[in-house]
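S.K.: Heads up: the sequence lines are chains A and L, in that order. Going by UniProt numbering, the residue at position 388 of the first sequence is 388; the numbering climbs one at a time, nothing skipped. Going by UniProt numbering, the residue at position 161 of the second sequence is 161; the numbering climbs one at a time, nothing skipped. Ideal placement from N, C-alpha and C gives every residue a C-beta, glycine not left out.
Protein chains: 2
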Amino acid sequence: MDIPALLTSAGMNIGISVGMFSLYSILRKQPLNVKVYFGQRIAQGRTRNENLCFERFVPSASWLLKAWEATEEDIFACGGIDAVVFLRIVIFSIRIFAIATILCTFLVLPLNYFGQGLQGIEDSTALDLLTIGNVQEGSRWLWAHCLTLYVVSACACCLLYFEYENIARMRMEQVQRFPTRPSNFTVVVRGVPWSSVETYSESVGKFFSNYYASSYVAHQIVYRFGAVQQLLEDAERMYKVMTTVPVMANVPADQCCETKVDPRCGLCGAKSSSFKKVSGGSELAGRNVDDELREKECEAALVFFRSRFDALVVSQTIQSADPMLWVTELAPEPLDVFWQNLCVPYNLLWIRKIIVFIASIVFSVLFLLPTTFVQGLTKIQYLQNAFPFLRRVSDRSYINLITGYLPSLVLTVFLTIVPPLMMLFSTLEGRVSRSTRKRSACVKVLIFMFWNVYFSNILSGSWIERMGKLTVTSPKDLATLLAELIPRQASFFTTYVMTSGWSGLSCELLQPVPLVGNWLFKCVLMRDDDFVRPVTFSFHTEVTRVLLFGLLGFTFCILAPLILPFLLIYFCFAFLVYRNQIMNVYFVKYQTDGSYWTLAHNATIFSLILTQVVAGILFGMKKSSSASTATIPLIICTALFNVFCKNRFLPLFRNRAAIDAIEMDRTDENSGKLQEIIENLPKAYNQFELCGDEMQIPKVEDAAQPDKPKKSGSSESLEELEIVQPEDLSVDQPSPSSSPSPSPSPSQSEAEDKIVSIN
Amino acid sequence: MDIPALLTSAGMNIGISVGMFSLYSILRKQPLNVKVYFGQRIAQGRTRNENLCFERFVPSASWLLKAWEATEEDIFACGGIDAVVFLRIVIFSIRIFAIATILCTFLVLPLNYFGQGLQGIEDSTALDLLTIGNVQEGSRWLWAHCLTLYVVSACACCLLYFEYENIARMRMEQVQRFPTRPSNFTVVVRGVPWSSVETYSESVGKFFSNYYASSYVAHQIVYRFGAVQQLLEDAERMYKVMTTVPVMANVPADQCCETKVDPRCGLCGAKSSSFKKVSGGSELAGRNVDDELREKECEAALVFFRSRFDALVVSQTIQSADPMLWVTELAPEPLDVFWQNLCVPYNLLWIRKIIVFIASIVFSVLFLLPTTFVQGLTKIQYLQNAFPFLRRVSDRSYINLITGYLPSLVLTVFLTIVPPLMMLFSTLEGRVSRSTRKRSACVKVLIFMFWNVYFSNILSGSWIERMGKLTVTSPKDLATLLAELIPRQASFFTTYVMTSGWSGLSCELLQPVPLVGNWLFKCVLMRDDDFVRPVTFSFHTEVTRVLLFGLLGFTFCILAPLILPFLLIYFCFAFLVYRNQIMNVYFVKYQTDGSYWTLAHNATIFSLILTQVVAGILFGMKKSSSASTATIPLIICTALFNVFCKNRFLPLFRNRAAIDAIEMDRTDENSGKLQEIIENLPKAYNQFELCGDEMQIPKVEDAAQPDKPKKSGSSESLEELEIVQPEDLSVDQPSPSSSPSPSPSPSQSEAEDKIVSIN
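1. Counting contacts by CB-CB distance shorter than 9 Å, is Arg648(A) in contact with chain L?
2. Which residues bound the alpha helix (DSSP H) around Arg527(L)?
3. If we cut at 9 Å on Cβ distances, does Lys379(A) have a partner in chain L?
4. Going by C-alpha to C-alpha distance, which of Val535(L), Glu689(L), Ala300(L), Val443(L) sits closest to Phe38(L)?
5. Going straight from the alpha carbon of Ala156(L) to that of Phe571(L), what length do you get?
6. Under 8 Å, with one C-beta from each stretch per pair, do the segment 72 to 85 of chain L and the segment 587 to 596 of chain L reach the 3-pair mark?
7. Is there at least one Cβ from chain L nearer than 9 Å to Phe178(A)'s Cβ?
8. Grab me the residues of Ile677(A)'s own chain with a C-beta within less than 6 Å of its C-beta, minus the 5 sequence neighbours each way, in chain order.
9. Restricting to Cα atoms, I'd like to know which of Val151(A), Asp660(A), Met621(A) is closest to Asn134(A).
10. On a Cα-Cα basis, can you pick out the residue from Trp502(L), Phe162(L), Trp350(L), Trp519(L) that is closest to Gln30(L)?
11. Within its chain, find whatever has a CB closer than 7 Å to the CB of Thr544(L); leave out the 5 residues flanking it on each side and keep chain order.
12. Tell me the start and end of each unbroken alpha helix (DSSP H) in the segment 483 to 538 of chain A that is at least 4 residues and wholly inside, in chain order.
13. Three or more beta-carbon pairs under 8 Å between the segment 164 to 173 of chain A and the segment 612 to 631 of chain A, yes or no?
14. Taking Ser462(A) as the reference, give the member of Asp128(A), Lys379(A), Lys522(A) with the closest Cα.
15. Taking residue 762(L) as the reference, give the member of Thr372(L), Val217(L), Gln316(L), Val532(L) with the closest Cα.
16. By how many angstroms is the C-alpha of Phe367(L) removed from the C-alpha of Ala144(A)?
17. Enumerate, from N- to C-terminal direction, the unbroken alpha helix (DSSP H) stretches of 4 or more residues contained entirely within the segment 625 to 705 of chain L.
18. Report back the beta-carbon spacing between Ile16(L) and Ser503(L) to the nearest angstrom; my notes put them in contact at under 8 Å.
19. Going by CA-CA distance only, name the one from Leu576(A), Tyr200(A), Gln489(A), Glu236(A) that's closest to Ser62(A).
20. What separation, rounded to the nearest whole angstrom, lies between the Cα atoms of Leu599(L) and Arg437(L)?
21. Classify Arg264(A) as helix, strand or coil using the three-state DSSP reduction.
22. To the nearest angstrom, how far is it from the Cα of Leu568(A) to the Cα of Thr101(A)?
23. Please work out which residues of its chain come closer than 6 Å, Cβ to Cβ, to Arg190(L), disregarding the five sequence neighbours upstream and downstream, and give them in chain order.
24. Helix, strand or coil for Thr180(A)? Go by DSSP, reduced to three states.
25. Pop quiz: Leu130(L) and Ala560(L) are said to be a contact at Cβ under 8 Å. What is the actual Cβ separation, rounded to whole angstroms?
26. Quick check on Ile662(L) - is its C-beta less than 9 Å from some C-beta in chain A?
27. Pull up the DSSP beta-bridge partners for Leu302(A), would you.
28. For Ser203(L), collect the residues of the same chain with a Cβ closer than 6 Å to its Cβ; drop the 5 residues on either side in sequence, then sort them by chain order.
29. Within its chain, find whatever has a CB closer than 8 Å to the CB of Glu198(A); leave out the 5 residues flanking it on each side and keep chain order.
30. Check whether chain L comes within 9 Å of Ile636(A), counting only Cβ atoms and requiring the distance to be less than that.
31. Ignore the nearest five residues each way along the sequence and tell me which others in Ser506(L)'s own chain have a CB closer than 7 Å to its CB.
32. May I have the straight-line CA-CA distance separating Trp339(L) from Val222(L), to the nearest angstrom?
33. In the DSSP assignment, find the unbroken beta strand (DSSP E) run with Thr199(L) in it and report its ends.
34. If the criterion is Cβ atoms closer than 9 Å, does the pair Arg434(L) and Asp336(L) meet it?
35. Taking buried to mean at least 16 other C-beta atoms within 10 Å of its own C-beta, is Asp262(L) buried or exposed?
36. Is it right to say Cys523(L) is buried, meaning 16 or more other beta carbons lie within 10 angstroms of its own, or is it exposed?
Here it is, written out as structure tokens:
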């Protein structure tokens, strides 16, 4: 690939992006698309003033300005700590790649270009001239590359350290910020042993009141997922028969159910009383079917304790001599619980994990096929010997399009199936909370991307080149091979940054699927209800994408620095776009308390060390043994830095500090709040209320009413929670209830003011 | 190497072993060597009847019989749980290799020999004819190899499971067996934060009485190692000046100290009163130098709690928001504490660990030199092209000696430096207990052996062969290379089993260094005191050796089964020899409660999977793709089995179960014993008494008095402990004090009876 092909790709992508950005700035002002572009604001019950004027049809950059001006507190109020951490990852990338771009463009790039190492190339526009491959063997200028590597590594480590410190502090503050979180007092117990004489619930009660008599408050058994669904449905149907038949005696019961009872939540402006009835019905049914319930118990329970410290202690100790029984861990937040997986028997979990592991490997191997196909498109000239019909193609004028734009587009399309699949894998693994499930999916996607996008592209690309040349080189180890191959793939990855990065951002901004779906629903099908429902931010795809680009940036920065400006543009726009999306589109249901940062840290350290190793080997291959030796201390220092960070910060992301818990318990005890919190604990985790929503019972509620945000079914329980813990949930989970939160924190209301004044 | 060379080696080794076994059976009956061969019995204060008769000079096998007849309870009484676990590892090896030997000798070996795959070899005595290399490509008989692999793997997994279950049970019983262990109530705190206004001791007291008011009993600060030594010396000197000057007023004080005060412990029969004086002196000095002590505090302390559960809770929670401060873990037993490392600042530990890690790698790399040299000796015929002077050597008659016996002897000699070095590394790592230090050294030696003895011998051997042939093969990956190379190294490893295994056992039995040293001291230098001091069993060398032979056995069992009979003989004799040594020679100072088993389990699983992978690749290379495919499910099943064991048993080796602790606390509380235990806790961990011995203050005590066992200095403290916890220490740490233990357990006294009746 040469410079014209690259420019073709850049031109196309810039065109597409600018067009889509302008389109977005118009579309977002149309009342039709409010639900698509302001899901979060609607969820928070904030309205927009919609005046029909000429401005509505003129592209503007006002949203960029708003995104730029928002403070970190605004982001925190809208997106929670995870959104803040995600944006810190982007800011870290901007900083480090700004430094790298300056250094590499003015120091490394000219040295590469005037290196005269590739005498054989007559084409002066070949991109290879800009890579380290063009530096002559034994050149003294390789020291400049080595120096750049040192500066970039040092800056990256410094920035990483400060970010890690900052995020660890934020995570700790999180506990103090939400002192009444029920999860602090609750422990999930799994693997309750089966007993022939007593139910699971009795076993749990007996065990904890025996061994933890002083701290145990109550427990709540988990019911089988299908059982809960069945019960709720039965109760609902029974209730409806009872309430509707007297009014409309001549209408068949089935019909009336569907026509009269409109089970909308209060959120969308419909009668919220209907929901009170529903949950009243479930309570009624709950009393009636008590015996039936007992048969439907799972071997898992939520146990409530008198203080945070007690819950911490129970969660961190092994209870029984058989480590597969009485397994304890701190409970997730009520809305974060993934009830379905709580019912999975604990002793099957390891089998599920292994199956998922094997399935992931199989999938990765199968994915080599599309990767090789993509590389085949890039290296089409090498395939001409094997497939003569390609000769005709390569002479055509659109060859630049095929080698420059098509391959990374194809790869991007293939990659869209990866995140949902990995999410499925993480669900199968049996995670008991939605947040850990998403984080686990993120890890899987990250490893997949690093391996299948980065390494397998590099390796399959080289395989195709060799097949074309039909020369077998002498045996070399993998590292040397990589060092030789990475610079050659620079041009492909530069186009990948543009296609997957730039155009990906435009897609993220435009939200084409909800947009078109909404339009079809409203304008073509003329349906009254909404196609769009507010969703949570998909960290597992976006964190991964940013980190993959970080890997590309680091590994290519001194080998083929031309990629850096493209990357920097991506990160800057990503910063603005994601801020806009977090503040407007996505809502927060659960948080990982910033644990995505550990992932970002590890990925960055991996990228740095890979860069250093590859650079060291390349220096060696260029016969500059002193520069090659000089990278060894750098690698050791980076590894040391990583170990230090692991020791210093990682435990804070794994466990909670005992003395913090004790201090908080004392404060609450003295102020008398503790008793109140404890009394409300059992109500917080009501499986029937929390599950009822999740399942979105289709027979009773109108199935074509998907505008309801996921937790609308639990609006009652939410209100209940909010009364108990006013300052807690209102910030922790910006609730999508129709009324504004009872006591919004100052920062949040400030943010609201700002956001409402958009347009 | 061919069969005559192998027979030469076998003959030499059998001769040496039989000779040394006979020699041992004579030497052990000589009164001169009692301290060499019956260290443990002497340490336990059991005497032997020494009647000079003709039988003393006749070799006998009575010791073999005694070793065979001893029960597991005897071993437990003499060597503790670790010795039992070690012998279980040997028994496991005997069982699995007995099965493998039968299967392979009667099924695989004939198939290999009549395989006719190596047509080019005219020498009918070549050992290669007995390897899988001689099976024809695509032969149907490879299914027999595959079947054998399946049977051996299945048997190994079954045996491993039962052993793991058995040892996990023993480990749990260990807690119940020694209910008064002070370590159950004690937590080591490291990283006490520095404060300008208060001492470390005050900080610790304040912290725990604030946050753990209900469970905290007392604490004891750790003093700097050098400081303790200094103080003890000062006190000693002061005391001596005070006590001796009045008696011998005209003799200079320095002289009298050395001539008159004989500070022997009660153990060796000298006045034990002198020791009382010494510790009395240290107490006196302790009061005087209270202020001085404060300056010598370390940032570590031992904290005592009211119950086992409380100590468990504190040890398992993170205390502070800074994870490098207030780091807690359960304390080791008093005699197990490695005081020197307790003083290492906690935040330096990770640096030390990294330095040790790097040093280990450097050492491993440097060790390639002797390995290559050893392989050069084995493949001397291949080096003739490169070094023509070797031609003369290879024509001589002693070539069989050089290729058959010398290489593994040289390797064994080089390997003797490894265990002490790894022990040093583990000390530098900063382990706070002697038992974990030894276990860590064991892990290091194991990895070193697997890598440097096994893999690097295989790889360097092949490198030499290739250099001789001067043919460069086409690029192959490491796995294929291994599959091709492992069978070729079978003959070398067969001789290695004989040299390192058989002769190693004879050495272990004869104890040449103490024997000769003792003889020199007694007969040549005519000194009255002893050269020999009782030592603890060096698990880190012996466990490693057994596991390395296990690796050899598994990987060669279907590739080159000739090694199996030699191995089986080794394991059978190892069983008898180690039983004998554990019951007679070594004494127990500290225990890991059976945690060597996890190591053995992991090593065995690694060996099994390596075997299966290599076999799978070899089947593939032999064009038997169905047999090759059949190994894949086997590999997966073995990995699954490993994961299952990790889930089922491993947590028991890492943590203690809370409910067991609670139950024991309750029992003791009801019987009133708890109060007594708690009152005696602070006395158990007296750094001055426990350290005073460790340092073996040379200026005061006669430096040339090394017969004193390591803990003799603490005889007073030991007696104190024994009075408090009669049933505990007497079995837990068979004490080397001169008086028999106050209340030996039934099993122990039984064992004593048996052992006393030897000869």
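M.R.: Straight from the coordinates:
1. Here residue 648(A) refers to the residue found at position 648 of the first sequence. Output row for Arg648(A): interface = yes.
2. If you number the second sequence from 1, residue 527(L) lands on position 527. Unbroken run through Arg527(L): none, as it is neither H nor E.
3. Here residue 379(A) is taken as the residue at index 379 of the first sequence, counted from 1. Judged by the 9 Å Cβ criterion, Lys379(A) is not in contact with chain L.
4. Within the second sequence, the letter at position 38 stands for residue 38(L). Checking every option, the nearest Cα to that of Phe38(L) belongs to Val535(L).
5. The residue given as residue 156(L) occupies position 156 in the second sequence. The residue given as residue 571(L) occupies position 571 in the second sequence. Approximately 16 Å between the Cα atoms of the pair.
6. yes
7. Along the first sequence, one-based indexing puts residue 178(A) at 178. So no, Phe178(A) is outside the interface.
8. In the first sequence, counting from the first residue as 1, residue 677(A) sits at position 677. These residues qualify, in order along the chain: Thr180.
9. Taking the first sequence and counting its residues from 1, the one referred to as residue 134(A) is at position 134. Of the listed residues, the one whose Cα sits closest to Asn134(A) is Met621(A).
10. Locating residue 30(L) in the second sequence gives position 30, counting from the first residue. For the residues Trp502(L), Phe162(L), Trp350(L), Trp519(L), the minimum Cα distance to Gln30(L) belongs to Trp519(L).
11. Walking along the second sequence from the start, residue 544(L) turns up at place 544. For Thr544(L), where only same-chain residues beyond five positions count, the Cβ hits under 7 Å are Cys442, Val445, Leu446, Met449.
12. 490 to 496, 504 to 510, 512 to 519
13. no
14. The residue labelled residue 462(A) in the question sits at position 462 within the first sequence. The shortest C-alpha separation from Ser462(A) is found at Lys379(A).
15. Past the edges of chain L, shown from 1 to 759, lies residue 762(L), and the structure says nothing about it.
16. One-based indexing of the first sequence puts residue 144(A) at position 144. One-based indexing of the second sequence puts residue 367(L) at position 367. Approximately 36 Å between the Cα atoms of the pair.
17. 625 to 648, 650 to 654, 658 to 671, 673 to 684, 687 to 695
18. Walking along the second sequence from the start, residue 16(L) turns up at place 16. Walking along the second sequence from the start, residue 503(L) turns up at place 503. Indeed they touch by this definition, with Cβ atoms about 6 Å apart.
19. Against the first sequence, residue 62(A) aligns to sequence position 62. When only C-alpha atoms are compared, the closest one is Leu576(A).
20. Sequence index remark: in the second sequence, residue 599(L) carries index 599 (1-based). Sequence index remark: in the second sequence, residue 437(L) carries index 437 (1-based). Roughly 14 Å between the two C-alpha positions.
21. If you number the first sequence from 1, residue 264(A) lands on position 264. Here Arg264(A) scores only 37 on pLDDT, less than 50, and its place in the model is too uncertain to base an answer on.
22. Translated into the one-based positions of the first sequence, residue 568(A) becomes position 568. Translated into the one-based positions of the first sequence, residue 101(A) becomes position 101. Each residue's Cα considered, the two are about 8 Å apart.
23. Mapped onto the second sequence, residue 190(L) falls at position 190. Excluding sequence neighbours, Arg190(L) sits near Ala300, Val327, Tyr346.
24. For this step, residue 180(A) is matched to residue 180 along the first sequence. The answer is coil: DSSP assigns Thr180(A) none of H, G, I, E or B.
25. The residue labelled residue 130(L) in the question sits at position 130 within the second sequence. The residue labelled residue 560(L) in the question sits at position 560 within the second sequence. Between Leu130(L) and Ala560(L) the beta-carbon gap is near 6 Å, inside 8 Å, which marks them as a contact.
26. Position 662 of the second sequence holds residue 662(L). Closer than 9 Å to some Cβ of chain A, the Cβ of Ile662(L) qualifies, so yes.
27. Mapped onto the first sequence, residue 302(A) falls at position 302. Bridge partners of Leu302(A): Val188(A), Gln220(A).
28. Your numbering for residue 203(L) matches position 203 in the second sequence. Here the set comprises Val192, Ser195.
29. Counting from one through the first sequence, the residue named residue 198(A) turns up at place 198. Result list for Glu198(A): Lys206, in chain order.
30. Locating residue 636(A) in the first sequence gives position 636, where the first residue counts as 1. Ile636(A) counts as touching chain L.
31. Translated into positions along the second sequence, residue 506(L) becomes position 506. Non-local C-beta neighbours of Ser506(L) in its own chain, meaning closer than 7 Å and more than five positions away in sequence, comprise Ile16, Ser17, Met20, Phe21, ordered along the chain.
32. Mapped onto the second sequence, residue 339(L) falls at position 339. Mapped onto the second sequence, residue 222(L) falls at position 222. Each residue's Cα considered, the two are about 8 Å apart.
33. By 1-based counting over the second sequence, the position of residue 199(L) is 199. Run containing Thr199(L): none; DSSP gives neither H nor E here.
34. Start at 1 with the first residue of the second sequence, and residue 434(L) comes out as number 434. Start at 1 with the first residue of the second sequence, and residue 336(L) comes out as number 336. Result yes, Cβ atoms of Arg434(L) and Asp336(L) sit closer than 9 Å.
35. Here the question's residue 262(L) lines up with position 262 in the second sequence. Residue placement at Asp262(L) cannot be trusted, given a pLDDT of 40 that sits under 50; what the coordinates show is reported in the next sentence. By the neighbour-count rule (16 or more Cβ atoms within 10 Å), Asp262(L) is not buried but exposed.
36. The residue you call residue 523(L) lines up with position 523 of the second sequence. Flag for Cys523(L) reads exposed.
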